[in-house]
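Q: The structure under discussion is supplied below as structure tokens; questions concerning it will follow.
Number of protein chains: 2
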Amino acid sequence: MPDFADASTDKLASIFAPRSVAVVGATRVPGTVPFDIFSNILKDDFQGTIYPVSPSAKSIAGVKAYKYVLDIPDPVDLAVIVFPSSVVKLALEQCGQKGIKSLVIISAGFREVGGAGVQREDEILQIARKYGMSFIGPNCLGVINTDPAVHLNASFARRMPAEGAIGFLSQSGALCTAVLDYAHAKNIGFSKFVSFGNKADISDIDLMLSLKDDPATRVILMYLEELTQGAAFVDAARRIIHEAGKPVLVLKSGRTTQGASAAASHTGSLAASDEIVDAALRQAGVIRCQTIEEMFNNAIALTYQPLPRGRRVAIITNAGGPGVLTTDAAVHERLELAQFSDATRDLFKRSLPVTANIKNPVDVIGDARADRYRVAMSAALEDNNVDGALVILTPQSMTDIETIAEEVCNVASAHSKPTYTSFMGETDVASGIAILQRRNIPHYILPESMCRAFARAHDFSVEQARRLTPAPTYTDVDTAAARAVLDGAVDLARGYLSPSDAMKVLEAYRLPVLRTGVARSPRDASAIAAQVGFPVAMKVESEDVVHKFDVGAVLLGIDSPASATAAYETIVANVRRHQPEARIDGVFIQQMAGPGEEVILGVKRDPAFGPVVMFGLGGIFVEIFKDVAFRIAPIPVEHVRAMMQEVKAFPMLTGARGRPHRDIAALEECLLRLSQLALDCPQIQELDINPLIVRDQGSGCAVADARILTASPQRSM
Amino acid sequence: MPDFADASTDKLASIFAPRSVAVVGATRVPGTVPFDIFSNILKDDFQGTIYPVSPSAKSIAGVKAYKYVLDIPDPVDLAVIVFPSSVVKLALEQCGQKGIKSLVIISAGFREVGGAGVQREDEILQIARKYGMSFIGPNCLGVINTDPAVHLNASFARRMPAEGAIGFLSQSGALCTAVLDYAHAKNIGFSKFVSFGNKADISDIDLMLSLKDDPATRVILMYLEELTQGAAFVDAARRIIHEAGKPVLVLKSGRTTQGASAAASHTGSLAASDEIVDAALRQAGVIRCQTIEEMFNNAIALTYQPLPRGRRVAIITNAGGPGVLTTDAAVHERLELAQFSDATRDLFKRSLPVTANIKNPVDVIGDARADRYRVAMSAALEDNNVDGALVILTPQSMTDIETIAEEVCNVASAHSKPTYTSFMGETDVASGIAILQRRNIPHYILPESMCRAFARAHDFSVEQARRLTPAPTYTDVDTAAARAVLDGAVDLARGYLSPSDAMKVLEAYRLPVLRTGVARSPRDASAIAAQVGFPVAMKVESEDVVHKFDVGAVLLGIDSPASATAAYETIVANVRRHQPEARIDGVFIQQMAGPGEEVILGVKRDPAFGPVVMFGLGGIFVEIFKDVAFRIAPIPVEHVRAMMQEVKAFPMLTGARGRPHRDIAALEECLLRLSQLALDCPQIQELDINPLIVRDQGSGCAVADARILTASPQRSM
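Respectively, the protein sequence lines represent chains A and B.
So that you can map any letter, position 649 of the first sequence is 649 in the working numbering, and since no number is skipped, the others follow by simple counting.
Remember, the working numbering sits 1000 above the position in the second sequence when you count from 1.
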């Protein structure tokens, strides 16, 4: 028995490995949660002592019951609360008096029902704080630890899973029941299995970090419906991946607006937009999955097989058609079909029938028995050009399915490269699949899932080995100046800075703003235009005119002092005609950027993730193609490059089809400075540089226009 | 016993429903194809008479054998040939002498092995022609007919499938074994099941058309590795869908270049590019699937349930998490979450617990039993705002899985709207799933597959109801003139028409070419430019200069007679400098198109599909985003519109973000005229109009440049 509960200050230790458990609110009625949980702990061979607490029963399932938790004569490490929500408060008080430090609160009827439930949740949190107690839940299925020394099933799941190396954390309790059933059928085991419900106290992040240090857990799987502490999540995931080398797989629902709204009505919380979640998970190195099945398909590969060192796969099949389908799927996942060495080809020629296809996919032909699979697999796995084997079997009349399954396992175990399998069909191949599963060779019903799992495992091996360069901290910036401008503007009704103020903020962070000035009269205009340098752009300086182009308040390409004077008059006349009530503070004059490609940089402060940085190419690319990329600030340098390359139109900046090469290094610096600005100045709610002109290589960039929305008290979250 | 073989001239009748079958080449060795096929026909209760033909055996599996097919004393409707490929020729001769008209040739070793195999296949085809015989194969698994009056398993599959309404046709024999196993486990039955192998005689198209008229078949599934008769396939599929109202589902492998090359090495044939296949299948109304599982997921919905009349689904679940996942999946498939009527909401309020979520997804809560599912499903299906029900179950401790399954079936059967289900998990829910499958309620392991199947079924109901307007035939065209220009150019070495010839061809089809002329001298240039109307574009007239822009042989915006003279001299000088050897025939002068959006129209003659028409927006949209759409000529009018709308940048032509509305009607006419031109003139191998300028609404289009590649004998296929 591990002595977690004695020694560790980790609040999760006595939840996962208690020596004694009280089930507070247990009943004698089978088929109800309060009975089922007690019964599960008892029947699933908990290695410590269990005490039912029941206001009325003398004993439950043969075990002496106590009226109050305070009546239990021995120390209690963990209390599992199954009382109705109205009574939970009282039960917690008594647990506190008893000196219990850890709880799992199964009961529902808290934040998720809104109204009084929110208040009830606040109250139990206060009681827990008062007594120094930690708890999982409320509104959850419970906690499972398969460690034979503990063997705790403190949940109302129908079954205790087998021991294994996967840690599973779920925001949905009901989904857990489906997952446990699915995993049972696929012979998948777990180390820890936690339904964390409303996570009022112990959070998903606490749990994932505890699995980081759990020697029994090699792979972490999470089902999430919201990411309220986005930045902390990204940080925790990166630590798990890089410090512990454990993959983190996430199924995040609420991808669509309607799904998010369904999640909100179900969890009572608001979700970040899915494109931001997606960017954050990518930045964290998390493997995002779209279905439960995909999550486990990827997990078994990561848990049981060596990581692929490259993308070059050998496909071995006893049927041409499935070989073609697998090739399609592999290429779709950007895997490569290995080119066999001459030696391998010679060996195939000598050992396989003449009708066999010895190119990749290797077709060992419909009448292949185990010996041919052995020869083909061994030769492929020993070839230096091969990073892994994908083995396909169709149940033809001569196929000795079980012998082949055993042989595939034997060959796979003898090599340090991964082998994945797909025995196609269902009933006839079932005995073969059972052998593969028992011997921990990943099996997939669909070759497509097999290829996807291989690709994700390879992605992880690359991610794990990657050492990211942290975003640099530019020291030539003037944070005080930027903040002064922003603070001076916080009281603005609409929250937007004036164009010249916006430019001042960017200038303080050495973003390449163009030379500017504000003219107060037509005559002023000609002098200032000459100062900033022709050609110039001119636009009205007015807080009241938001869509300046639409009212003719912007004029471009003004190339002489006389034109500047005329332009001033035109702009003022246009504004007067369209918006007679608008206050005009003058006309803003700016040097024109010169030739280059227009891009858009943006920042939006997300309640969960903090400042999110956006990049895209100007105009229609953002408008029509939604061709943009996001990252969470601060952005490691490699991710600045990755986010630029994610944008499909990016080749327009790097010489595609005879276009000039633009100044990518300068663009990269702009993104990094912008990200630093957003982190330094929480007053910035939204910021758009649109457009930033990226000039030719070595000639830098120019901020042509920018808008900054400040966080006024009404809008702050 | 149906008397197909007597009355019908259909060559497939006596293959699917023979009264007597000879297995030619049968042996006494179990575990070999020649024995297994004989044994399958015998043991799987064939309702006619079976005769083994064996050079050596007296009897096989207890049935008297004949040395030669000619020795059989009775008439034989069908011969199944299982001899090695070298002997097949001889066997066919004897079958011909015996008067057998129908054969299934199982034997491999023909076209698929190349070389001598190709010749062997030609020889057997000639023998078949000589005797008026038809055959399926060679190189196939065989033919199955589950009709109880016939019950023929003339295949070496491990099992005879159950009777059902799905017709399955496969180019891969081995894949059939996996499919039969999969279908058995899912309780899916078939009407006909055919592995057609090399289709040397009876083709996939013959087979699909025979299933069109087969009353036992309601849904047609096909696995294809190539589409060599693409146009005929599209036509057959459209007839099946529109005349017989049967959906056609296709899994076409070789999607990727590598997959296609694997398919080629496996079937010995070349594939059309996948984007063309994809466009053709869409045009045909075929439901294209990416995996075997997806094909059956869609098929069970189409086979067993009423077609959805709309996209509005009601999700009913006993767990919030899966409800969110299903909502995401539904929205991803562009389904809509139904808005319940007030009456339905009231009913939910009255009948479901207060904790239930009565918005869509309807959460009947974890402790729901069958009664709550019944109430929720019935109310939802009776609501006029609902087109179908998606029912989710997770196996929670209180869930009475089997009773719920029965109740779901009862409610579903009582309504004319479709119900699909997903009982999540595997072992615990197995008994419930078995009930659903037995009662023909589609069940899906993943909510995602369920939503996709619903969306495909709805697509089919729309497709089936759609009456397409055939492409108009323009009578104002001058086919003879176009052909004359093309034929006059067929001998050109490089195959490209001169610019002026290309324009003549387009002009003959009344495509809106700009006014042009060819100047032979600088002085000529000023006169001709004045004639076509300023501003003009000028480019060199030379067969030798292909990339005219690159060598400075194109000048634009020439707006006076003097500039035209100068431009002539500049162009000639530029060409002389870059390509001194080029023959210069003068300078081509063209009226400029004026303002508009640039689009690209193209035609490419595909060996399988004939002329394929391409549409995209000019420049980077095609180059970087590959934002193009294809259709096979002739294009029904609705598909001309659909192909334009498939292009993501299309909103740029229809007023997106304040842009002008362009002349879409004129663009549509250009696509239709181009398609007619390509059909009328097989000499056109490739044709690109790049760009076509689409002017503002009502102002038409203008062909600014075009290239035509003619089919010279060397390039023809």
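Virtual Cβ for every residue (Gly too), placed ideally from N, Cα, C.
Mapping the DSSP letters down to three states, classify B/Gly1117 as helix, strand or coil.
A: Of the three classes helix, strand and coil, the one that applies to B/Gly1117 here is helix, per DSSP.
Q: Using three-state DSSP, classify A/Ala271 as helix, strand or coil.
A: For A/Ala271, the predicted model reports a pLDDT of 47, less than 50, meaning its position is unreliable; a value from the coordinates is still stated below. Three-state result, A/Ala271: coil.
Q: Assuming contact is defined by CB atoms lying nearer than 9 Å, are B/Asn1139 and B/Ala1108 in contact in what I supplied?
A: Closer than 9 Å, so yes.
Q: Pull up the CB-CB distance for A/Thr303 and A/Leu390, whole angstroms please, since I reckon it's below 8 Å.
A: Actually they are not in contact, since the Cβ atoms of A/Thr303 and A/Leu390 sit about 18 Å apart, beyond 8 Å.
Q: Among A/Pro18, A/Gly517, A/Tyr568, which residue has its Cα nearest to the Cα of A/Ala553?
A: Looking at the Cα atoms, A/Tyr568 is the closest of the given residues.
Q: Which residues of the segment 374-401 of chain A have a Cβ closer than 7 Å to any Cβ of chain B? Give them in chain order.
A: So the close ones are Thr394, Pro395, Gln396, Ser397, Met398.
Q: Name, going along the chain, the residues of the segment 1621-1648 of chain B whose beta-carbon falls closer than 7 Å to a beta-carbon of chain A.
A: Here the close residues are Glu1623, Ile1624, Phe1625, Lys1648.
Q: In the segment 596-609 of chain A, which residues sit with their C-beta less than 9 Å from some C-beta in chain B, listed in chain order?
A: Going along the segment 596-609 of chain A in chain order, one finds no residue with a Cβ nearer than 9 Å to chain B.
Q: For a test of the three-state rule: what should DSSP assign to A/Ile15, helix, strand or coil?
A: DSSP places A/Ile15 in helix when its eight states are reduced to three.
Q: From A/His458 to A/Asp346, what does the alpha carbon distance come to, in whole angstroms?
A: About 29 Å.
Q: For A/Ala262, return the contacting residues in chain B, with the cut-off set at a CB-CB distance below 7 Å.
A: Near A/Ala262 (Cβ distances below 7 Å), the residues of chain B are Gly1323, Val1324, Thr1327, Pro1361.
Q: Could you say which of A/Tyr509, A/Ala379, A/Pro499 lies nearest to A/Ala481 if we only look at CA atoms?
A: Selected option, being the one with the closest Cα: A/Tyr509.
Q: Kindly indicate the opening and closing residues of the beta strand (DSSP E) around A/Val540.
A: A/Val540 -> beta strand (DSSP E) spans 536-540.
Q: Shortest alpha-carbon distance to A/Ser203 belongs to which of A/Ala702, A/Gln229, A/Arg369, A/Ala57?
A: Comparing Cα positions, the closest option is A/Gln229.
Q: Does the distance from the C-beta atom of B/Gly1142 to that of B/Ser1155 stay below 9 Å?
A: Cβ distance < 9 Å, so B/Gly1142 and B/Ser1155 count as in contact.
Q: A/Glu638 by DSSP, collapsed to three states: which one?
A: Three-state DSSP puts A/Glu638 in a helix.
Q: Count the CB pairs spanning the segment 42-53 of chain A and the segment 1370-1388 of chain B that are closer than 8 Å, and state whether there are at least three.
A: They do not touch, by the three-pair rule.
Q: Nearest by alpha-carbon distance to A/Ala222: which of A/Arg239, A/Ala236, A/Lys252 is it?
A: It is Met, not Ala, that sits at residue 222 of chain A in the sequence shown. Measuring from the Cα of A/Met222, the nearest candidate turns out to be A/Lys252.
Q: Could you give the distance in angstroms between the alpha-carbon of A/Ala642 and the alpha-carbon of A/Ile664?
A: Going by the C-alpha atoms only, they are around 12 Å apart.
Q: Are the beta-carbon atoms of A/Ser195 and A/Thr217 separated by less than 9 Å?
A: No.
Q: Against A/Val277, what residues of chain B qualify as contacts under a CB-to-CB distance less than 9 Å, listed in chain order?
A: The contacting residues do not exist; A/Val277 stays about 12 Å from chain B at best.
Q: Considering only DSSP beta bridges, list what B/Arg1707 is partnered with.
A: Answer is B/Asp1688.
Q: Based on the DSSP output, what are the partners of A/Lys604 in its beta bridges?
A: A/Lys604 pairs with A/Val612, A/Glu686.
Q: Should the segment 237-248 of chain A be regarded as contacting the segment 205-212 of chain A, the criterion being three or more beta carbon pairs within less than 8 Å?
A: These segments touch.
Q: What do you reckon, are the CB atoms on B/Leu1672 and B/Pro1472 nearer than 9 Å?
A: Closer than 9 Å, so yes.
Q: Quick one, are the C-beta atoms of A/Ala633 and A/Leu679 less than 9 Å apart?
A: Yes, these two residues count as a Cβ contact at 9 Å.
Q: For B/Val1518 versus B/Val1575, is the C-beta spacing smaller than 9 Å?
A: No, the Cβ-Cβ distance between B/Val1518 and B/Val1575 is not below 9 Å.
Q: Checking the sheet assignment: what are the DSSP bridge partners for B/Lys1098?
A: None; B/Lys1098 has no bridge partner.
Q: Just verifying my parser: in three-state terms, what is the DSSP assignment at B/Phe1135?
A: Note: B/Phe1135 maps to strand in three-state DSSP.
Q: Using CA atoms only, rank isn't needed, just tell me which of B/Lys1089, B/Val1505, B/Leu1103 is closest to B/Gly1117.
A: For the residues B/Lys1089, B/Val1505, B/Leu1103, the minimum Cα distance to B/Gly1117 belongs to B/Lys1089.
Q: Which partner residues does B/Thr1516 have in the DSSP bridge list?
A: Answer is B/Gln1590, bridged to B/Thr1516.
Q: Which stretch, first to last residue, makes up the beta strand (DSSP E) that contains B/Asn1145?
A: First-last of the beta strand (DSSP E) with B/Asn1145: 1142-1145.
Q: Give me the subset of the segment 291-308 of chain A whose CB atoms are less than 8 Å from a CB atom of chain B, sorted by chain position.
A: Within the segment 291-308 of chain A, the qualifying residues are Thr291, Ile292, Glu293.
Q: In terms of DSSP beta bridges, what is A/Cys701 paired with?
A: DSSP, once it has assigned bridges, lists A/Val694 as partnering A/Cys701.
Q: Mind checking the segment 1169-1181 of chain B against chain A and listing, in chain order, the residues whose C-beta falls within less than 9 Å of any C-beta there?
A: Those residues of the segment 1169-1181 of chain B that come within reach of chain A (Cβ to Cβ, closer than 9 Å) are Ser1170, Gln1171, Ser1172, Gly1173, Ala1174, Leu1175, Cys1176, Thr1177, Ala1178, Val1179, Leu1180, Asp1181.
Q: CB-CB under 6 Å to B/Asp1476, same chain, minus the five flanking residues each way: which ones, in chain order?
A: Arg1510, listed in sequence order.
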